[in-house]
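Trainee: Numbering-wise (the working numbering), the sequence shown opens with residue 4 and increments by one. Here a beta-carbon is modelled for each residue, glycine too, at the ideal position from N, C-alpha and C. There's a structure below that I have some questions on.
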Amino acid sequence: MQNFYNEPIRNFSKEEHRSWIFPTIQKIRSGFPIFVPSIVNGVEIQNLAKEKHANPAKKEEITTEYSLSDHSTLENAIRISKKHFYRWSELDPKERTSILWNVGTMILEKRNELCALILLETGKTIPEAEADIVEAIDFCRYYAKEYEGICKGRRVDLPGEENFYTYKPKGIVGVIAPWNFPAAILTGMCAGPLVCGNAVLLKPAEQSSATALFLFRLFLKAGVPNEVFHFLPGKGEEIGAAIVKHPEVAVINFTGSREVGVSILRECAQVRSESRRIKRALCEMGGKNPIIVDGDADLDLAVEGALHSAFGFQGQKCSALSRLILLDSCYETFKTRFLEAVSSLKIDSPEILSAKIGPVITEESRQRLENILTKHKDTILFQADLSEDLKSKGHYVPPTVFEEKDWNSDLATKEFFGPLVTLFRVKTFDEAIEKANDSEYALTAGVYSRNPEHIEKAKRRIEAGNLYINRAITGAVVERQPFGGYKLSGVGAKAGGPDYLKSFLEPITITENTMRRGFTAELIQ
Ligand code: NAD
């Protein structure tokens, strides 16, 4: 296996990196709707009920028909996983790490198709889809490298006594994935437990099931055995909840909304008569992420970073900016320049490479965001124009900037998950930190400042799992910026960081008295 490295993102201003886009989109489109079956032990399950998902930018185009996995499919997946667990978990770790590395290589080989599929299924622009895929590749390589270190264990031996501290896979891991990073998050959430030797039941998000199926098949093709990796599409409240409740599932690896994450934690904490363990739950949830712009900040940098952080993938990132906390002294200048920048964002179909803003994921999501816009219409400072043509074609929401004084307003407290951002004014840097921390969430945060004392204070005091100074707050890079929050943003180990894999492992101490071995005769000869 090679040493870990981050896969670079292609530069789409070069013709050689662009020429594939149109024909690949047409190729993927010609296969619509993609049928997404439940797959257990490599076998597609027939006759399950189905649901449809449409292209967010072209609502009449059905991209996906996903199966609704049922209880008997789940029971079957669990039975087969248990039966074959030891064959996978006792494999030479090098074989599993090399399979994982291969998954990364195969994703790289298929990245054009995957990019086009993500674009059509979720409405991501090409550069955003590329970043998603590159991160998926990085997760495979990084977890493979990390596991090579972890699996060596640790020895502390004395004469007559051997002590070995090692790790064993926990068993069956239920992966419940979101749609907003349909490649990176899903791949990382499966790659981690698999490389450690666990069996995985994958429950993809309803809105990105075809992308999930594409990736699932690459895992199998790269060498992950059918018997320990099963694909269970369907509704969260049905098959997702059933996986969470199942007594044979040892770990729930969840990324998604706070509401669902908290309900999973509650369920996992219960010890029922059939329980054989306290179920471990990793829950990566939402954020209400702030950026503070200090009085002396470089405003060129701050405007660009805030724009990218608030509106990348239409604000549908857990790390997205939603509270812009501006020092009084730069408020008006920043505001003028920021609004100019927002008004220049090109809203269009993600099939157009120059589009910066595409649609939101579903009609339900659009409606939810429209309700927020109506409720807070008096505080809207700027709203981009949406053409009638785009409105009729897809689930578009105009990028909107609010200006608010009330720190108890939903604009200051609730996660919206859309292209909405609010400006707040503060008098001092200390007040800015206090307000930034006045949140139930602690996921990402940013500070733009040229004052070393303020920067140091921010590093000490700001409550965020990922703090960024003088740069955008989205786009964490595997290994360099392990990602994840605390408070009500999550409980788990940071994805793409050195603690992640241990969540899927049981630490074991093995002590052997070697003074009087007394081995049986046939074994000694
Ligand atoms: P969601 O919670 O609705 O869905 C996530 C997954 O959970 C889906 O697969 C869904 O089918 C499943 N699910 C839904 N109800 C369930 C239930 N009762 N039991 C079990 N599973 C269930 O979230 P979403 O709308 O897909 O994603 C958006 C949210 O995810 C936002 O809040 C965002 O901040 C968060 N998110 C967090 C991170 C992070 O790393 N912290 C990353 C991406 C997204």
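1. With a threshold of 7 Å (Cβ to nearest heavy atom), would residue 490 be considered close to the ligand NAD?
2. Relative to the alpha-carbon of residue 437, which residue among 171, 293, 247 has its alpha-carbon at the smallest distance?
3. For the alpha helix (DSSP H) holding residue 326, just list the boundary residues, first then last.
4. Can you name the start and end residues of the alpha helix (DSSP H) that residue 386 belongs to?
5. How long is the line joining the alpha carbons of residue 31 and residue 113, rounded to whole angstroms?
6. Got a sec? Which residues, its chain only, sit under 6 Å from residue 52 by beta carbon, not counting five neighbours each side?
7. Can the beta-carbon of residue 398 be found closer than 8 Å to that of residue 59?
8. Based on Cα-Cα distance, which residue from 222, 513, 284, 44 lies nearest to residue 255?
9. Contact defined as beta carbons within less than 8 Å: I believe residue 204 pairs with residue 246. What is the distance between those atoms, to the nearest angstrom?
10. Tell me the start and end of each unbroken beta strand (DSSP E) in the stretch 275-322 that is at least 3 residues and wholly inside, in chain order.
11. Within 10 Å of its beta-carbon, does residue 115 have 16 or more other beta-carbons around it, so buried, or fewer, so exposed?
12. Cα separation between residue 393 and residue 355?
13. Pick from 248, 328, 320: whose alpha carbon is nearest that of residue 306?
14. Where does residue 18 fall in DSSP's three states?
15. Using alpha carbons as the reference points, say which of 201, 165, 117, 298 lies closest to residue 433.
16. When the Cα atoms are used, what is the spatial distance from residue 387 to residue 346?
17. Rounded to the nearest angstrom, how far is the Cβ of residue 231 from that of residue 88, given a contact under 8 Å?
18. Would you be able to state if there are at least three C-beta pairs under 8 Å between the stretch 496-510 and the stretch 141-154?
19. Which term fits residue 237, buried or exposed, when burial requires 16 or more other beta carbons within 10 angstroms of its beta carbon?
20. Within the continuous beta strand (DSSP E) that includes residue 167, where are the two ends?
21. Determine the DSSP secondary structure at residue 58, reduced to helix, strand or coil.
22. Name the one or two DSSP bridge partners that residue 508 has.
23. On the three-state DSSP scale, how would you describe residue 417?
24. Compare the C-alpha of residue 516 against each of 40, 303, 164, 6 and name the closest.
25. Tell me which same chain residues have a C-beta within less than 8 Å of the C-beta of residue 408, skipping the five on either side of it?
26. Residues in the same chain with beta-carbon distance under 7 Å from residue 107, minus the five sequence neighbours each way, listed in chain order, please.
27. With burial defined as no fewer than 16 other Cβ atoms inside 10 Å of the residue's Cβ, what is the status of residue 479: buried or exposed?
28. Is it buried or exposed for residue 186, if we count other Cβ within 10 angstroms and need 16 for buried?
29. From residue 82 to residue 252, what distance separates their C-alpha atoms?
30. Between the C-alpha atoms of residue 472 and residue 309, what's the straight-line distance to the nearest angstrom?
31. Could you round the C-beta distance between residue 364 and residue 125 to whole angstroms and report it? I think they count as a contact, below 8 Å.
Mentor: According to the structure shown:
1. If you number the sequence shown from 1, residue 490 lands on position 487. Flag unset: Cβ of residue 490 not near the ligand NAD.
2. The count along the sequence shown starts at 1 and reaches residue 437 at position 434. For the residues 171, 293, 247, the minimum Cα distance to residue 437 belongs to 293.
3. Counting from 1 along the sequence shown, the entry for residue 326 is found at position 323. Where residue 326 is concerned, there is no enclosing alpha helix (DSSP H), although the beta strand (DSSP E) it sits in stretches over 324-330.
4. Residue numbering aside, residue 386 sits at position 383 when the sequence shown is read from its first letter. Looking at the DSSP string, residue 386 is not in any alpha helix (DSSP H); the run it does join, the beta strand (DSSP E), is 383-386.
5. Along the sequence shown, read from residue 1 onward, the residue named residue 31 stands at position 28. Along the sequence shown, read from residue 1 onward, the residue named residue 113 stands at position 110. For residue 31 and residue 113, the distance between alpha carbons rounds to 12 Å.
6. Position 49 of the sequence shown holds residue 52. Around residue 52: 71.
7. Within the sequence shown, residue 398 is the residue found at index 395, counting from 1. Within the sequence shown, residue 59 is the residue found at index 56, counting from 1. Yes, the pair counts as a contact, with Cβ atoms nearer than the cut-off.
8. In the sequence shown, counting from the first residue as 1, residue 255 sits at position 252. It is 284 whose Cα lies nearest to the Cα of residue 255.
9. Indexing the sequence shown from 1 puts residue 204 at position 201. Indexing the sequence shown from 1 puts residue 246 at position 243. Correct: roughly 6 Å between the Cβ atoms.
10. 283-287, 292-296
11. Walking along the sequence shown from the start, residue 115 turns up at place 112. By the 10 Å Cβ count, residue 115 comes out buried.
12. Walking along the sequence shown from the start, residue 393 turns up at place 390. Walking along the sequence shown from the start, residue 355 turns up at place 352. Between residue 393 and residue 355, the C-alpha separation is close to 13 Å.
13. For the purposes of this step, residue 306 is taken as residue 303 along the sequence shown, with counting starting at 1. Among 248, 328, 320, the Cα nearest to that of residue 306 belongs to 328.
14. As a working mapping, residue 18 is identified with position 15 in the sequence shown. In the structure shown, residue 18 sits in a helix (DSSP, three-state: H, G or I).
15. Position 430 of the sequence shown, counting from 1, holds the residue named residue 433. The candidate whose alpha carbon is nearest that of residue 433 is 298.
16. Within the sequence shown, residue 387 is the residue found at index 384, counting from 1. Within the sequence shown, residue 346 is the residue found at index 343, counting from 1. Each residue's Cα considered, the two are about 6 Å apart.
17. Start at 1 with the first residue of the sequence shown, and residue 231 comes out as number 228. Start at 1 with the first residue of the sequence shown, and residue 88 comes out as number 85. Between residue 88 and residue 231 the Cβ distance is about 7 Å, and since that is below 8 Å, they are a contact.
18. yes
19. Locating residue 237 in the sequence shown gives position 234, counting from the first residue. Counting Cβ neighbours within 10 Å, residue 237 comes out buried, since at least 16 surround it.
20. In the sequence shown, the residue the question calls residue 167 occupies position 164. Unbroken beta strand (DSSP E) run through residue 167: 164-172.
21. Translated into positions along the sequence shown, residue 58 becomes position 55. Strand, per DSSP.
22. Looking up residue 508 in the sequence shown gives position 505. DSSP lists 172 as partners of residue 508.
23. Taking the first residue of the sequence shown as position 1, residue 417 is located at position 414. Of the three classes helix, strand and coil, the one that applies to residue 417 here is coil, per DSSP.
24. Locating residue 516 in the sequence shown gives position 513, counting from the first residue. Ranking the options by Cα distance to residue 516, first place goes to 164.
25. For the purposes of this step, residue 408 is taken as the residue at position 405 of the sequence shown. 427, 428, listed in sequence order.
26. Against the sequence shown, residue 107 aligns to sequence position 104. These residues qualify, in order along the chain: 140, 143, 144.
27. Here the question's residue 479 lines up with position 476 in the sequence shown. By the 10 Å Cβ count, residue 479 comes out buried.
28. Here residue 186 is taken as the residue at index 183 of the sequence shown, counted from 1. With a threshold of 16 other beta carbon atoms within 10 Å, residue 186 meets it and is buried.
29. Numbered from 1 along the sequence shown, position 79 holds the residue referred to as residue 82. Numbered from 1 along the sequence shown, position 249 holds the residue referred to as residue 252. Their Cα atoms are separated by approximately 11 Å.
30. Start at 1 with the first residue of the sequence shown, and residue 472 comes out as number 469. Start at 1 with the first residue of the sequence shown, and residue 309 comes out as number 306. C-alpha separation (whole angstroms): 12 Å.
31. Position 361 of the sequence shown holds residue 364. Position 122 of the sequence shown holds residue 125. Correct: roughly 6 Å between the Cβ atoms.
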